[in-house]
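Residue numbers (my numbering): 1 to 691.
Written out as structure tokens, the structure reads:
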């Protein structure tokens, strides 16, 4: 039995759409649970794969990741009716509700009272009768066949008529106040109203039986940033060991506590003879003992001894190093392991698992360097399995990890060979939304095999950098080193873009089309800069006309639908993608960034200095360098420059960047080719629309 999906409606940043989180994908059911058991250890360990079984929720800060954890926590661990308040409602939704009340006189439609709704999809298999007992109120005939059911939880107002009347009175009283003032009063009406959690089946029929999600689901949260002070590990492990010993002592606990009473009496006598009498005699010289005396006594208890029993140290070669001398990354990692150990320690000793067990780890990457993050996500399954094995416990668990680490995301994709079980949280129009990722939504068009060359290429570049795409405001895909080197300089000088989270990805060639579905799925505004790649005859140089011309560029072919350049528009725009390539620049069509840069800046002094330094003899022949150089010849021989610079592209870009930085405040800086400049302008406009 496991939790498949959660839908959140009107809670905090989540509104009415794109609000569903998937914990196990349809094609990942075989690895739905992390099964930990003493029996069949090897079989279980092999099936215990964190990459395919763990749910990842990724996204930038304030995208809504923690809100998902909070929703589960409130529903399962703190499900009292008044645990939710007006501040838990989605304010955009409440604003619409308030507008409906304010406009009620103009319409006969019934006005809705505010509510929150959470829908959990539970999948069950061959569980025991005990395991299914809590599901019976929600089961319909078709559920038995489908092995899947819905539990709908609504946070609803008890007396709707009373609430509507209270809102009417408030708005009548403050009818002349501004809307913000009225909204605060509307929130006050919500806080004063009586709410309750009601449960419904998938047909939205009310389940009248007493029910709590905590009887069906156990939810453990390991919070982010567990390092609060230098001795946090000693204190944490003391609690774990203390719990273990108290659990083991059982009936002997009272006998041990009696022995502490005897020890306290003996110690108190010694303290009295050596300290208490002397102190009181000294005190009597100042104040009468009829007014004040002191008493010192021993106060050892089993609880206090266990509380200070453990001193945590790191072992480094032959030395035991105090915990406060090790880095925060190691400490945070150990705190996560300690929290898992504590969870296992407190889990009931029983052979039966009648609950769904969710373990959420929030932002485990805190303080960890990139390699440690990747090792963590790759090996957390073995950690949990070994801890359960050492305690002899059998626990069916689902792991849920929230993160804004590109390294954790990348490692999960590669170790699992899949995009399944990844939820991408993002914000649009100030509302949190979730995109459920899977292999199908990122596969290049026409590709179905995860072992295909195209899919392996996609994952390869995800590994190197493109995982940042999940955390950026906008992206630029470029073909190679030249664009990747030069573009950041111009972006930094662009006031519309330099304050945005913008990532430039080099994809080593004209392979932008392979990312099309991934880009569309994420919805990130993306500029793809590629080369025109005109098919030329042997020996052909300058191109002045695209009539009857074809391109060898696969990305252009893919987006346009054919290789004919004579009907090619200045750029191609498709949803959140802008495809830029060279056009007519000063009478010629370039086929590379270097040629486009030369055509655009043929008479620029910085560009000419770079060309002269790289190829002095060729430069002198082309421009007749001397008293009166003819810079226009750079333009007329741009194709020749492209050929001669083919093996010097890296140095061309690096030298150009060096001189531009050196003369950054000069009015003689070269310009970006128009096709790139227009693409950046489009990107800036898209970012404005989304803000």
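C-beta atoms are modelled at their ideal positions from N, C-alpha and C, and glycine is treated no differently.
The C-alpha of residue 215 lies about 45 Å from the C-alpha of residue 173. The three-state reading of DSSP puts residue 493 in coil, since its state is none of H, G, I, E or B. Fewer than three Cβ pairs drawn from the region 421-438 and the region 499-513 lie within less than 8 Å of each other, which leaves the two stretches out of contact. Inter-segment contact for the region 341-349 and the region 393-412 is present: three or more beta-carbon pairs are separated by less than 8 Å.
Residue pairing for residue 118: DSSP places it in a beta bridge opposite 8 and 153. DSSP places residue 411 in the uninterrupted alpha helix (DSSP H) bounded by 406-416. Around the beta carbon of residue 362, 16 or more other beta carbons sit within 10 angstroms, so the residue counts as buried. Shown here for residue 192: same chain residues with a beta carbon closer than 8 Å to its own, the five before and five after excluded, namely 166 in chain order. Using a C-beta cut-off of 8 Å, the region 605-622 makes no contact with the region 589-596, since fewer than three inter-stretch Cβ pairs fall below that distance. Of the residues assessed, residue 603 falls on the exposed side of the cut-off, its CB having fewer than 16 other CB atoms within 10 angstroms. Secondary structure of residue 565 (DSSP, three-state): coil. Put simply, the backbone Cα of residue 674 is about 50 Å away from that of residue 181. Under the three-state reduction of DSSP, residue 646 is assigned to coil, being neither helix nor strand.
In the three-state DSSP reduction, residue 266 falls in the helix class (H, G or I). Collapsing the DSSP output to three states places residue 541 in coil. When secondary structure is reduced to three states using DSSP, residue 448 falls in the coil class, being assigned neither helix nor strand.
With contacts defined as CB atoms closer than 8 Å, residue 410 and residue 467 qualify as a contacting pair. A straight line joining the alpha-carbon of residue 653 with that of residue 60 spans about 32 Å. With a cut-off of 8 Å on Cβ pairs, the region 365-383 is in contact with the region 401-409, counting three or more such pairs. By the Cβ-count criterion, residue 627 is exposed, with fewer than 16 other Cβ atoms from all chains shown falling within 10 Å of its own Cβ. Nearest Cα to residue 271 within the set 256, 285, 295 and 283: 295. DSSP places residue 660 within a helical segment (H, G or I) once states are collapsed to three. For residue 477, the closest alpha carbon among the candidates 382, 5, 679 and 162 is that of 679.
Excluding five sequence positions before and after residue 473, the CB atoms of its chain that fall closer than 7 Å to its own CB belong to 500, 501, 502 and 687, given in chain order. Counted as a single uninterrupted DSSP element, the stretch harbouring residue 56 is not any alpha helix (DSSP H) but the beta strand (DSSP E) occupying residues 55-58. Secondary structure note for residue 355: it is in no beta strand (DSSP E), with a DSSP letter that is neither H nor E.
The C-beta distance from residue 151 to residue 199 rounds to 7 Å, short enough to meet the 8 Å contact threshold.
For residue 571, the enclosing beta strand (DSSP E) begins and ends at 571-574.
For residue 259, the closest alpha carbon among the candidates 299, 285, 532 and 283 is that of 299. Residue pairing from DSSP leaves residue 522 without any beta-bridge partner. Residue 65 and residue 57 have their C-alpha atoms roughly 6 Å apart. Contact fails between the region 516-529 and the region 537-549, because fewer than three Cβ pairs, one in each stretch, are under 8 Å apart.
In terms of Cβ geometry, residue 486 and residue 659 do not form a close pair [threshold 8 Å]. Cβ neighbours of residue 102 within its own chain (closer than 7 Å, five residues either side excluded): 171. Taking the Cα positions, residue 633 is about 13 Å away from residue 587. For residue 11, the closest alpha carbon among the candidates 342, 71 and 24 is that of 71.
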